[in-house]
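Chemist: Below you'll find the structure I mean.
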Amino acid sequence: MISPKAPHFLRPTALWLCLLLAYGSATAQSANWDAHLYYGIPEADKQSAFLEEFENNQQGWDLGNASLNERIERGYYYLGNLTSHAYPKYREVNIDLKGDYEVEARMRIVKGARQPASGLVFGHDVSGNEYSFLFNGKGLFSITKRFRGRDYALVDWTPYEGLSSRAFNTLTVRAVGGQWYFFINEKVVHESPAHQLFGQGFGFVIGGYKAVEVDYLRVSALEVIDREGPEITILEPALPLSRYLKLADRRQIISGKVHDPSGIQTVTINGQSITVSRDGIFSASLRLPDGRTDITVVAIDAQDNFSQEGFVLDYQEPAVEPVATLPTPVHTPFVPQATPPGRNYLLIIGVNEYVNWSRLHNAVKDCKDLATTLTTYYKFEPENVITLFNEDATRENILETLESLQDRIQPHDNLLIYYAGHGYYDQEADLGYWVPVNARLNKIPDFIRNSTIHDYLRTIRSKNTFLIADACYAGSLFSVSRGNLNENATSRWAFTSGNIEKVWDGQPGQNSPFARYLLRVLRNNTSSRLYANDLIDMVGDLVQSNTGQSPKGSPLRQVGDEGGIFVFERRQ
1 MISPKAPHFL RPTALWLCLL LAYGSATAQS ANWDAHLYYG IPEADKQSAF
51 LEEFENNQQG WDLGNASLNE RIERGYYYLG NLTSHAYPKY REVNIDLKGD
101 YEVEARMRIV KGARQPASGL VFGHDVSGNE YSFLFNGKGL FSITKRFRGR
151 DYALVDWTPY EGLSSRAFNT LTVRAVGGQW YFFINEKVVH ESPAHQLFGQ
201 GFGFVIGGYK AVEVDYLRVS ALEVIDREGP EITILEPALP LSRYLKLADR
251 RQIISGKVHD PSGIQTVTIN GQSITVSRDG IFSASLRLPD GRTDITVVAI
301 DAQDNFSQEG FVLDYQEPAV EPVATLPTPV HTPFVPQATP PGRNYLLIIG
351 VNEYVNWSRL HNAVKDCKDL ATTLTTYYKF EPENVITLFN EDATRENILE
401 TLESLQDRIQ PHDNLLIYYA GHGYYDQEAD LGYWVPVNAR LNKIPDFIRN
451 STIHDYLRTI RSKNTFLIAD ACYAGSLFSV SRGNLNENAT SRWAFTSGNI
501 EKVWDGQPGQ NSPFARYLLR VLRNNTSSRL YANDLIDMVG DLVQSNTGQS
551 PKGSPLRQVG DEGGIFVFER RQ
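This is the structure:
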């Protein structure tokens, strides 16, 4: 038996800031859960929606059905099925059918033939549609769906040695993040994508001519209960332990990262709201007045818990040194100064769930796989990865993120942009577009024109920018072919999954054909330096040989390309 669990459940204003937008807002996942482990979710995160331990019949179970011999005594619910047909018993439970949940019952077979099945019933509705997690006396379990009077086997009868034929068995169904986890006696026996529940009926089913005892039935909503404020890490500027920094540059970038299990609600710098990427990165540009400026970063999570980080920036205008008489020059050989190593930034934009356009299967998966590959095998650091996925990839967020990169990226830095989503081509005007998540069908003002992308590529001050687009009609970006390359010069290149044509998104749960071969080349490369033009040639050959697509890659005209090339540097 189990005992009932008790349910668990400054915005300072300061100096004026000149804020520049960072990245789209986000909500953090329940990162500390291991849903495939029985004890992988803390009890404090299980909010009881229904608990029956059968100490009495206060829940009002109907014990007068002629088809059943039933009674509640000694803390158990005894049910003997007097018919040859399976018989369900369930209760309505008020729970969010689209949220995360857990259903659990502990029961045993008392008597009857070994073959008929008994077990959990969940998601039952008034039409009799439901799901069942069943077991029998022969050590087998199955998972079924009943819809419009017909039964469908989601998992056919499967042997499991941990099932007891006469002792109590604990059956658990857990849904987390769109995934189902089925447990028998605290061991996971099956995982699969979760189905939408039909209704709010939860209970058990008794096989024909079978008798069972039920120890308890519990239904819980799974929800992180968070009482701590977000964790704030300041990335720029680099602060000493004193949290006081003297500066000679009036314009400063303040960037950092916030994390909280329940998600981030707002981030402010001196009372001014700024946006946060899905990965928790924020950034703002400010112009310092003379003297000391107190900076306060406040983050508030989804549970209204807050935390803050404070530091002082002290701007002192550099003194003008008097002009001195120069000594007679001594002629020494010129030694060029080494260019400081730059950072590699990655902006990835992926949309599966369009509001008005058709759904794509793999755009977000492609983006995540690329980010993992580049941060694992190449010199891309996670803190320099910016993501805009699904609802975050609005026209406003995309343009504001590109705007923020104009201040964040320095002349010795490199930028890789990857876009996976719908594309649009206006044949009459010979113009191509990206399609943001909330764009209406055939409403060109909702799209992002290629020329707008070009403008940002020209004004972002990176040494090398490499744009990769996996979208229909992405080839309309180009208007120039390759020339001679100079690695020390700046570059502005693009690589697209096709020319002015439709391209394939691929099978659900896989990568698109273009992304699959792009990832293969990046992962299989053993050279310490992989040049973008070589990547384009290798991926292009693979895609063209195995699909009907015609990838295209070359420099972009009139955006600052001076004959350079983007280089992927592999980690040692």
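Residue numbering for the sequence shown follows the numbering used here, beginning at 1 and increasing consecutively.
Built from N, CA and C at the ideal position, the CB exists for glycine as well.
Give every residue of the same chain whose Cβ lies closer than 8 Å to the Cβ of residue 56, excluding the five residues on either side of it in the sequence, and list them in chain order.
Modeler: Taken in chain order, the residues that qualify are 72.
Chemist: Are residue 282 and residue 295 touching if we call contact CB-CB under 7 Å?
Modeler: Their beta carbons are not under 7 Å apart, which means residue 282 does not touch residue 295 by this criterion.
Chemist: By the DSSP assignment, the beta strand (DSSP E) with residue 190 in it spans what residues?
Modeler: It spans 187-193 - the beta strand (DSSP E) in which residue 190 sits, taken as one unbroken run.
Chemist: Helix or strand or just coil, what does DSSP make of residue 179?
Modeler: Strand at residue 179.
Chemist: Kindly indicate which residue of 372, 184, 124, 434 has the alpha-carbon position closest to the one of residue 523.
Modeler: When only C-alpha atoms are compared, the closest one is 372.
Chemist: Among 59, 417, 444, 43, which residue has its Cα nearest to the Cα of residue 92?
Modeler: When only C-alpha atoms are compared, the closest one is 59.
Chemist: Roughly how many angstroms lie between the CA atoms of residue 174 and residue 88, to the nearest whole one?
Modeler: Between residue 174 and residue 88, the C-alpha separation is close to 20 Å.
Chemist: Would you mind working out which of 45, 137, 108 sits nearest residue 102, comparing C-alpha positions?
Modeler: Residue 102 has its Cα closest to that of 45, out of 45, 137, 108.
Chemist: Helix or strand or just coil, what does DSSP make of residue 646?
Modeler: Because the chain in this structure spans residues 1 to 572, residue 646 falls outside the shown range and cannot be described.
Chemist: Does the distance from the C-beta atom of residue 76 to that of residue 213 stay below 7 Å?
Modeler: Yes, they are a contact pair.
Chemist: In chain order, which beta strand (DSSP E) runs of at least 3 residues are fully inside the stretch 245-320?
Modeler: You should have 251-259, 264-269, 272-274, 281-287, 291-301, 306-315.
Chemist: Check for me: the beta strand (DSSP E) holding residue 124 runs from which residue to which?
Modeler: Where residue 124 is concerned, the enclosing beta strand (DSSP E) stretches over 118-124.
Chemist: Check whether the stretch 392-405 and the stretch 340-349 touch, using three or more Cβ-Cβ pairs below 8 Å as the test.
Modeler: They touch, by the three-pair rule.
Chemist: Tell me, please, which residues DSSP counts as bridged to residue 349.
Modeler: DSSP lists 388, 419 as partners of residue 349.
Chemist: Cα separation between residue 85 and residue 106?
Modeler: In a straight line, the C-alpha of residue 85 is about 22 Å away from that of residue 106.
Chemist: Going by DSSP in three states, residue 219 sits in which element: helix, strand or coil?
Modeler: It is a strand residue.
Chemist: Thinking C-alpha only, which one of 384, 528, 276 is nearest residue 409?
Modeler: Selected option, being the one with the closest Cα: 384.
Chemist: Would you call residue 441 buried or exposed, if buried means 16 or more other Cβ atoms sit within 10 Å of its Cβ?
Modeler: Residue 441 is exposed by the Cβ-count criterion.
Chemist: Rounded to a whole number of angstroms, what is the C-alpha to C-alpha distance between residue 241 and residue 311?
Modeler: Taking the straight line from one Cα to the other gives about 10 Å.
Chemist: Give the straight-line distance between the Cα atoms of residue 216 and residue 43, rounded to the nearest whole angstrom.
Modeler: Taking the straight line from one Cα to the other gives about 17 Å.
Chemist: Give me whichever residues DSSP pairs with residue 133 in a beta bridge.
Modeler: Paired residues: 120, 143.
Chemist: Out of 227, 365, 208, 285, which has the shortest C-alpha to C-alpha gap to residue 263?
Modeler: Nearest option by C-alpha distance: 227.
Chemist: Less than 7 Å between C-beta atoms, sequence neighbours within five positions excluded: which residues of the same chain meet that for residue 82?
Modeler: Contacts found: 67, 68, 69.
Chemist: From the DSSP output, which residues share a beta bridge with residue 232?
Modeler: BP columns for residue 232 point to 258.
Chemist: What is the rounded straight-line gap between the Cα of residue 257 and the Cα of residue 239?
Modeler: Residue 257 and residue 239: Cα-Cα distance of roughly 14 Å.
Chemist: From residue 397 to residue 153, what distance separates their C-alpha atoms?
Modeler: Going from the Cα of residue 397 to the Cα of residue 153 covers about 44 Å.
Chemist: Going by Cα to Cα distance, which pick from 119, 202, 416, 130 is closest to residue 185?
Modeler: When only C-alpha atoms are compared, the closest one is 119.
Chemist: Might you give, ordered along the chain, the residues of its own chain that have their beta carbon closer than 7 Å to the beta carbon of residue 443, omitting 5 neighbours on each side?
Modeler: Hits under 7 Å: none found.
Chemist: Which residue marks the beginning of the alpha helix (DSSP H) containing residue 371, and which one marks its end?
Modeler: First-last of the alpha helix (DSSP H) with residue 371: 363-377.
Chemist: Is residue 435 closer than 7 Å to residue 424 when the C-beta atoms are compared?
Modeler: The answer is yes: Cβ separation under 7 Å.
Chemist: Excluding the 5 residues preceding and the 5 following residue 147 in the sequence, name in chain order all residues of the same chain whose CB lies nearer than 7 Å to its CB.
Modeler: Only 129 meet the Cβ criterion.
Chemist: Let me check one thing: in DSSP terms, what residues is residue 434 bridge-paired to?
Modeler: DSSP lists 423, 448 as partners of residue 434.
Chemist: Along the chain, where does the alpha helix (DSSP H) containing residue 518 start, and where does it finish?
Modeler: Segment 513-524, the alpha helix (DSSP H) holding residue 518.
Chemist: What is the C-beta distance between residue 277 and residue 387, in whole angstroms, given that I count them as a contact (C-beta under 8 Å)?
Modeler: Correct: roughly 6 Å between the Cβ atoms.
Chemist: For residue 457, which three-state DSSP category applies?
Modeler: In this structure, residue 457 counts as helix in the three-state DSSP scheme.
Chemist: How many angstroms separate the CA atom of residue 573 from the CA atom of residue 170?
Modeler: An answer regarding residue 573 cannot be provided, because it is not within the stretch 1 to 572 covered by the chain.
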